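I have placed the structure first, in the form of structure tokens, so that the comments after it can refer back to it.
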Amino acid sequence: PKVIAPNDSNKPTIAVLGSGWGAISFLKHIDSTKYNVVMISPRSYFLFTPLLPSCPVGTVDEKSIMEPVVSFANKKKGDVTYYEAEATSINPDKNTVTIKSVSNISTTNGLGINVGLDPNELAEIKYDYLVSAVGAEPNTFGIPGVEENGCFLKEIPDSKKIRHKFIDSVERANLLPKGDPERKRLLTVVVVGGGPTGVETAGELQDYIDHDLKTFMPNLVEEVQIVLIEALPVVLSMFEKKLTTFAENVLRETTIELKTRTAVAKVEPEYLIAKTKAEDGTVEETKIPYGVLVWATGNKPRKVVTDVFKKIPEQNQANRGLIVDEYMRVKGTNNMFAIGDNAFAKLPPTAQVAHQEAEYLTKTLNKMARIPNFHQELQSRTEKVDLLFQDHGFKPFKYVHLGALAYLGAEKAIANITYGAKSFYSGGGVITFYIWRALYLGMILSWRSRFKVVADWGKIALFGRDAFKEL
Ligand code: FAD
Ligand code: NAD
154 PKVIAPNDSN
164 KPTIAVLGSG
174 WGAISFLKHI
184 DSTKYNVVMI
194 SPRSYFLFTP
204 LLPSCPVGTV
214 DEKSIMEPVV
224 SFANKKKGDV
234 TYYEAEATSI
244 NPDKNTVTIK
254 SVSNISTTNG
264 LGINVGLDPN
274 ELAEIKYDYL
284 VSAVGAEPNT
294 FGIPGVEENG
304 CFLKEIPDSK
314 KIRHKFIDSV
324 ERANLLPKGD
334 PERKRLLTVV
344 VVGGGPTGVE
354 TAGELQDYID
364 HDLKTFMPNL
374 VEEVQIVLIE
384 ALPVVLSMFE
394 KKLTTFAENV
404 LRETTIELKT
414 RTAVAKVEPE
424 YLIAKTKAED
434 GTVEETKIPY
444 GVLVWATGNK
454 PRKVVTDVFK
464 KIPEQNQANR
474 GLIVDEYMRV
484 KGTNNMFAIG
494 DNAFAKLPPT
504 AQVAHQEAEY
514 LTKTLNKMAR
524 IPNFHQELQS
534 RTEKVDLLFQ
544 DHGFKPFKYV
554 HLGALAYLGA
564 EKAIANITYG
574 AKSFYSGGGV
584 ITFYIWRALY
594 LGMILSWRSR
604 FKVVADWGKI
614 ALFGRDAFKE
624 L
């Protein structure tokens, strides 16, 4: 493959893999006058995931939470190149990353050379530092039938797929007589996983049914049933007991059927098999027919990351992500960093963590650039234990937990707002829903997106949700 060297050889090159929370927060804060920044991601936009569960039913439009990588790149003073490409292999022995182009798009913010690649063309990018932020992918735990029959909710196409399947099922059910078991199946939506993704998606779907479907299809709306299945005894297990109980009550009041202590074991095209474990240990197996299946049981590392586990001896024991030290350095290397969901730092896989890790890492790299001969000294080190950080008084990363929020439907949310160990607010209800909205607006990374989300909320208050099957 073509080998692509940096544009300005006087500056070290940082290759950044991804365009999600970790990578884009990194891009926003890195001093690009001191580095050549090369962004590599098959997705040409940042996605504000906290509002993704609002998208399948049109509470928020998909485009409102997408922001092109180039709009962040163009704001940088220094050189930033973006390749719409997937990293297929990280090669720590050669300090290169092999990429496979998605399209022939590669753009710079004007200063560098624009090296175009053909779709599917492979190239090798040379780097001095690598920041891996490729996130993770949905985990099916190897349960048969999930991949073929379920819908995940991780990316924009997933949202569109859920909407299409749901509206299609409802329309097909409408052609069948009341009482027909096939009509009942088509009108059953099963959401598997009672983590925040599953709960928020179920809540949003119920909102759509109660407010919008009610006007379009009043004759069948009462028959639509959402079933939320969770293996643990409670949903949203990261929240305190008081809030999970509140959440479960809201879900039940809005007619969502909650099945806790129930694990899905097998998925067939029209039904699934779930096993419920009673407190006395007995297991009951049930067959649940469904029209739409949403699968939200958490994540696992991507192949490009698990391949690295094999290449670096210090990573051989890794299983959840690249093992990093307190400077976010990938253990066993001295020029590779990992942030966000693809890093294992004993922190939860959240946007909040990815964002803080990215900001921290840019401070480190910006500081490295100011220390004379730092890069050369680091490169000349043969041992892969980086004592240089300690020598120069770099501070280790400290995560500050700012709390957790979850939307439940019916304009109710739960929130636990903290600053580290200090708790400022813990509650649930309608006021918390407005706090939830305000905090999420604050988290959005661009003004355009913020404006669009507010406009979407205003629009649904006046005219209801848009949910077209084809769009
Ligand atoms: P991501 O944001 O997933 O970004 C990964 C990037 O890497 C993407 O751009 C992807 O296209 C790219 N990529 C993938 N493969 C490759 C490859 N081979 N080469 C190059 N690039 C690649 N967290 C919160 O804190 N609060 C919330 O409210 C919240 N809500 C969520 C709602 C949903 C529906 C989901 C799915 C997650 C939510 N999260 C939330 C979790 C949060 O989104 C993740 O923890 C966060 O996105 C992690 O950031 P990341 O940069 O590691 O990965
Ligand atoms: P999760 O890992 O938080 O939850 C998955 C749930 O699925 C778990 O409770 C697990 O017990 C259950 N499960 C696993 N296998 C099952 C099976 N076979 N049958 C039934 N249940 C099963 O996953 P998530 O909700 O996608 O969240 C992923 C990450 O993103 C988390 O760190 C979460 O905090 C974050 N996130 C946060 C928010 C928010 O803050 N509002 C929203 C979405 C996601």
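Our numbering puts the first residue of the sequence shown at 154, with every later residue one more than the last.
Note that beta-carbon positions come from the ideal geometry of N, C-alpha and C, so glycine has one too.
All values derive from a computational prediction rather than experimental measurement.
Through-space distance from residue j to residue i, alpha-carbon basis
i, j, result
"Pro209", "Pro159", "41 Å"
"Asn248", "Gly595", "38 Å"
"Leu264", "Leu555", "Note that Leu264 scores 49 on pLDDT, short of 50, meaning its location in the model is unreliable and no value can be drawn from it."
"Leu389", "Ala289", "20 Å"
"Arg325", "Arg338", "11 Å"
"Asn327", "Arg336", "7 Å"
"Pro549", "Phe542", "9 Å"
"Asp433", "Phe392", "25 Å"
"Lys155", "Gly269", "11 Å"
"Lys395", "Pro501", "21 Å"
"Val607", "Leu404", "25 Å"
"Tyr236", "Gly347", "36 Å"
"Pro525", "Lys230", "22 Å"
"Leu592", "Val223", "26 Å"
"Glu220", "Glu357", "23 Å"
"Thr354", "Glu437", "26 Å"
"Ala491", "Gly171", "11 Å"
"Ile613", "Gly573", "36 Å"
"Asp214", "Ile465", "42 Å"
"Thr368", "Ser207", "19 Å"
"Asp321", "Leu340", "10 Å"
"Ser256", "Lys419", "37 Å"
"Lys181", "Gln378", "43 Å"
Bridge partners - residue i, DSSP secondary structure assignment
i, result
"Lys395", "Lys395 is not bridged to any residue."
"Arg482", "Phe490"
"Gln378", "Thr341"
"Ile193", "Leu170, Tyr236"
"Ala568", "Leu558, Gly580"
"Lys440", "Ile426"
"Tyr198", "Pro221"
"Lys412", "Ile382"
"Ser254", "Ala238"
"Ala591", "Note: Ala591 sits in no beta bridge, so no partner."
"Leu446", "Val343"
Contact test: residue i Cβ vs the ligand FAD heavy atom, cutoff 7 Å
i, result
"Asp321", "no"
"Thr234", "no"
"Pro502", "yes"
"Pro272", "no"
"Gln505", "yes"
"Val477", "no"
Contact test: residue i Cβ vs the ligand NAD heavy atom, cutoff 7 Å
i, result
"Val667", "There is simply no residue 667 to check, as the chain begins at 154 and stops at 624 in what is shown."
"Pro203", "yes"
"Val345", "yes"
"Asn469", "no"
"Asn495", "no"
"Asn472", "no"
"Ile680", "This structure leaves residue 680 out entirely; the chain is present only between 154 and 624."
"Gly451", "yes"
"Ile382", "yes"
"Val553", "no"
"Leu200", "no"
"Thr407", "no"
Distance cut-off 7 Å: residue i Cβ against heavy atoms of the ligand MN
i, result
"Arg455", "This structure lacks the ligand MN; the ligands present are the ligand FAD and the ligand NAD."
task: Note down, one range per segment and in chain order, each alpha helix (DSSP H) of at least 4 residues found wholly within the region 273 to 319.
output: 299 to 302
query: Which runs of the alpha helix (DSSP H) spanning at least 4 residues fall entirely within the region 505 to 544, listed in chain order?
result: 527 to 533, 541 to 544
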